[in-house]
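Novice: Mapping to the numbering used here: the sequence shown position 21 is 852, numbers consecutive. Here a beta-carbon is modelled for each residue, glycine too, at the ideal position from N, C-alpha and C. Questions regarding the structure given below will be posed in turn.
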Amino acid sequence: MGSAGAYEFFRVLSRKGSIPMKFKALVASSVALAVIAFVYYKASYDLVFDHFFLLPVAIAAWYGGRRMAWSMAAVAWVTWALVNYYNGTQYLHEGDRYWNWALVLIRLVVAATVVAVLREALISAKESLAEKEAALKALQDSTAKIRAYEGRFQTICAWTNQIKDGDEWISFPEFLSRHLGAQVTHGISPEAEAKFHAEIKQNAPGR
């Protein structure tokens, strides 16, 4: 791939919405890992490059989620271990090599998990904030509608108890639903229930 082709590839890759974010994270973390591994291999083994391998893992965790983070941690660890072995890194005892490998693996997995969890917590907090803002807006809209009717006269039919809404007569429950978004249900008040039972007894046979 020439320089023009590489430029076009990364230009398309960076275009918003053209490629899924997880794929971008995979490419970015893989490129970062390859660069770090190459520099580590070419550098003197006296230089400590272990911490730089956290970068591709962090990228994968932040933009790709836990699974990608753990996968990248495993790949980064294998890559680091191979470079560490083949570039001639010396240890006083051969057992120290494997102990160091284990520590690096634990560090990468822990970093992947922590970054992914922090990202999930941030997303959850943003979603919760968005829900609260939506609920607050709905409450403000409802309050504004209620205040619009404060101090105003509403014409109610003295016989049917219907409310005049413009040129239309509608029931009170429909008025609440139409203008306030209220969901109306029906029950029976204690006074109406007592009156109903009294009428039943009064109209019962044998009285």
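When the Cα atoms are used, what is the spatial distance from F1006 to A966?
Specialist: Against the sequence shown, residue 1006 aligns to sequence position 175. Against the sequence shown, residue 966 aligns to sequence position 135. Distance between the alpha carbons of F1006 and A966: 23 angstroms.
Novice: Please state the DSSP three-state secondary structure of W990.
Specialist: For this step, residue 990 is matched to residue 159 along the sequence shown. W990: coil per DSSP, three-state reduction.
Novice: Quick one: any contact between the region 897-907 and the region 848-866, if contact means 3 or more CB pairs under 8 angstroms?
Specialist: Touching, per the Cβ criterion.
Novice: Flag this pair as yes or no: are the beta carbons of A947 and R897 separated by less than 7 angstroms?
Specialist: For the purposes of this step, residue 947 is taken as residue 116 along the sequence shown, with counting starting at 1. For the purposes of this step, residue 897 is taken as residue 66 along the sequence shown, with counting starting at 1. A contact, by the Cβ cut-off of 7 angstroms.
Novice: Which residues mark the beginning and the end of the beta strand (DSSP E) in which I1001 is found?
Specialist: For the purposes of this step, residue 1001 is taken as the residue at position 170 of the sequence shown. Its beta strand (DSSP E) spans residues 999-1001.
Novice: Check whether the region 862-874 touches the region 912-919, counting contact only when three or more Cβ pairs, one atom from each stretch, lie closer than 8 angstroms.
Specialist: Touching, per the Cβ criterion.
Novice: Compute the beta-carbon to beta-carbon distance between K976 and T986, rounded to the nearest angstrom, for a pair I have assumed lies under 8 angstroms.
Specialist: Mapped onto the sequence shown, residue 976 falls at position 145. Mapped onto the sequence shown, residue 986 falls at position 155. No, K976 and T986 are not in contact; Cβ-Cβ is about 19 angstroms, not under 8 angstroms.
Novice: Under 8 angstroms by Cβ, that's how I've got M899 and A891 pegged, so tell me the actual separation to the nearest angstrom.
Specialist: The residue given as residue 899 occupies position 68 in the sequence shown. The residue given as residue 891 occupies position 60 in the sequence shown. At roughly 5 angstroms, the Cβ-Cβ gap stays under 8 angstroms, so M899 and A891 are in contact.
Novice: Rounded to whole angstroms, what is the Cα-Cα separation between T944 and W901?
Specialist: Walking along the sequence shown from the start, residue 944 turns up at place 113. Walking along the sequence shown from the start, residue 901 turns up at place 70. Cα to Cα, T944 sits roughly 7 angstroms from W901.
Novice: How long is the line joining the alpha carbons of A868 and W911, rounded to whole angstroms?
Specialist: Here residue 868 corresponds to residue number 37 of the sequence shown, with the count starting at 1. Here residue 911 corresponds to residue number 80 of the sequence shown, with the count starting at 1. The alpha-carbon atoms of A868 and W911 are separated by roughly 7 angstroms.
Novice: With distances taken Cα to Cα, identify the nearest neighbour of W990 among R983, F984, W1000.
Specialist: As a working note, residue 990 is residue 159 in the sequence shown. Residue W1000 is the option with its Cα nearest to W990.
Novice: At the level of alpha carbons, what is the spacing between Q1033 and K1026?
Specialist: Along the sequence shown, read from residue 1 onward, the residue named residue 1033 stands at position 202. Along the sequence shown, read from residue 1 onward, the residue named residue 1026 stands at position 195. Going by the C-alpha atoms only, they are around 10 angstroms apart.
Novice: How would you label P851, buried or exposed, when you count the other beta carbons within 10 angstroms and need 16 or more for buried?
Specialist: Along the sequence shown, read from residue 1 onward, the residue named residue 851 stands at position 20. Looking at its Cβ environment, which holds fewer than 16 other Cβ atoms inside 10 Å, P851 is exposed.
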